[in-house]
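One line per chain: the protein sequences are A and B, in this order. Each residue of the first sequence is one higher than the one before, starting from 1 at the first, in our numbering. Each residue of the second sequence is one higher than the one before, starting from 204 at the first, in our numbering. Using N, Cα and C, we set each Cβ at its ideal position, and we do this for glycine too. Quick caveat: nothing in here was measured; it's all calculated off a predicted structure. Written below as structure tokens is the structure these notes are about.
Protein chains: 2
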Amino acid sequence: MLTKGERRNQEIFDTAAHLFATRGYARTSIRDLAEALGMQKSSLYHYFDSKEDLLHRMLDQFMDQALERIESLCGQDLPPLEKLAEFMRFYTHIYAGDRDRLMLLVNDLDCLTPQRRMQVVAKQRRYVAVIRDILAELKEAGLLADLPLPVLVFAFFGMVHYTPKWYRPDGPVSPEELGEVFRQVFCHGVLQNGASKPGPEGA
Amino acid sequence: MLTKGERRNQEIFDTAAHLFATRGYARTSIRDLAEALGMQKSSLYHYFDSKEDLLHRMLDQFMDQALERIESLCGQDLPPLEKLAEFMRFYTHIYAGDRDRLMLLVNDLDCLTPQRRMQVVAKQRRYVAVIRDILAELKEAGLLADLPLPVLVFAFFGMVHYTPKWYRPDGPVSPEELGEVFRQVFCHGVLQNGASKPGPEGA
DNA sequence: GTCTATACTTTGATAGAC
DNA sequence: GTCTATCAAAGTATAGAC
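Put into structure tokens, the structure is as follows:
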């Protein structure tokens, strides 16, 4: 249960995320945000120290939430092939459902000062490491096609991180379906012929 | 052969593209650009009408160049499978070699007014149509996996358009290699098992 | 926690001489 | 084609009353 103050705080952050994602962080002024919330711009400084501090808090919180879910999922002791599939479905699902904040992460990370940016990047690296490790494990087992590993990692992130530019969760493809399509394309794409298997259906 | 004036013009546009790509269009001022070029900001307005006009000219010219190459390539009468492979290698190669302008296209298209933006988007749609038609042709022939076509199109664009965030042409992977990896991942990923074939090597 | 009022900086753009 | 000088607008942020 959130207190009244926490709800207001959340409302401000959500509105800011939406505005920043829609019009871009740099082109959205504090005045724009205040207007959207129906309050004075000076009042906003009660909730954050500066515009950049606001952006930083949003991104940092976003990374924490995503990381918690991803790392808990990957702590499970699954065969690497299933782990890969789970990671991709899960990752896509998280991000497809959080369009505003993914947009911020992809577009406006560079608006942070080096120190604040590094703090976020350090957390990003943790889930880059997750998928890199999974792929390395598959390579070890001879299941992976002979392709440069970093390129494969970024091919996947490219697919997912580009989604906010075109994808709408309320369109014909649900976030779950999207994750499944990405899984299928990527798994078939990077695994040795025959190593990828269909989903839980069949026999 | 370029005249002296044309060279100066090109120098200004190239410098602007690099600055905008590196620091973002919105956060790069006309003053920044003037300083980078060693001239006064007012002098720049001899070469364009406004900052937005500058951005628009860069993007529009970029699209024209890319389109010319892509459409000429796809006018050739090739089997759809080879056309797909050629498109992907070619598209990746063009964009991997033109990092600054791809970055602008992906990040800053929304900084244009609706009219100017639509002019660029209309050209974008032409090569979206190219790959959509190729995939539709493959589906018709029963070579494509049963997956939603628009998602496949954007999966590919996602891979390529994300490259400026991480890829360096002078790193261990050449633009040609990158195109080849993307081709392989995507073809294996979206084609029915066995439909994708290796490159020109082999018996 | 929200307001009014304001300080200070940077921005895009123009006028007009050379 | 480049310069000096300048403007009006918009930006972030702060001070201090309630």
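Between which two residues does the alpha helix (DSSP H) harbouring residue i extend?
i	result
B/Cys-277	254–278
A/Tyr-167	No alpha helix (DSSP H) holds A/Tyr-167; DSSP gives it neither H nor E.
B/Thr-295	283–299
A/Gln-10	4–23
B/Phe-251	Taken as a continuous stretch (DSSP letters only), B/Phe-251 belongs to no alpha helix (DSSP H), as it is neither H nor E.
B/Met-242	It is not in any alpha helix (DSSP H) - B/Met-242 carries neither H nor E in the DSSP assignment.
A/Met-1	Element bounds for A/Met-1: n/a, residue is neither H nor E.
B/Arg-304	302–311
B/Leu-355	352–364
Where DSSP assigns a beta bridge to residue i, which residues make up the other side?
i	result
A/Leu-144	A/Leu-191
Using the rule of at least 16 other Cβ atoms within 10 Å of the residue's Cβ for burial, across every protein chain shown, is residue i buried or exposed?
i	result
A/Ala-122	exposed
A/Lys-83	buried
B/Asp-303	buried
A/Asp-205	Nothing can be reported for residue 205 of chain A: it is not among the residues displayed for chain A, which extend from 1 to 203.
B/Leu-205	exposed
B/Gly-392	buried
B/Thr-225	exposed
B/Asp-151	The question about residue 151 of chain B has no answer, for chain B in this structure spans 204 to 406.
B/Ala-220	buried
A/Ala-85	buried
A/Gly-142	exposed
B/Lys-207	exposed
A/Met-58	buried
A/Arg-183	buried
B/Met-321	exposed
B/Pro-227	The sequence shown places Gly at residue 227 of chain B, rather than the Pro named in the question. Burial call: buried.
B/Asp-301	buried
B/Ala-332	exposed
A/Pro-164	buried
Cβ contact (3+ pairs, closer than 8 Å) linking the stretch 88–103 of chain A and the stretch 173–193 of chain A: yes
Cβ contact (3+ pairs, closer than 8 Å) linking the stretch 210–225 of chain B and the stretch 240–259 of chain B: Under the 8 Å Cβ criterion, the stretch 210–225 of chain B counts as touching the stretch 240–259 of chain B, having at least three qualifying pairs.
Does the stretch 114–128 of chain A come close enough to the stretch 26–42 of chain A that 3 or more CB-CB pairs lie under 8 Å? no
Cβ contact check for the stretch 61–79 of chain A and the stretch 155–162 of chain A: 3 or more pairs under 8 Å: By the criterion of at least three beta-carbon pairs nearer than 8 Å, the stretch 61–79 of chain A is not in contact with the stretch 155–162 of chain A.
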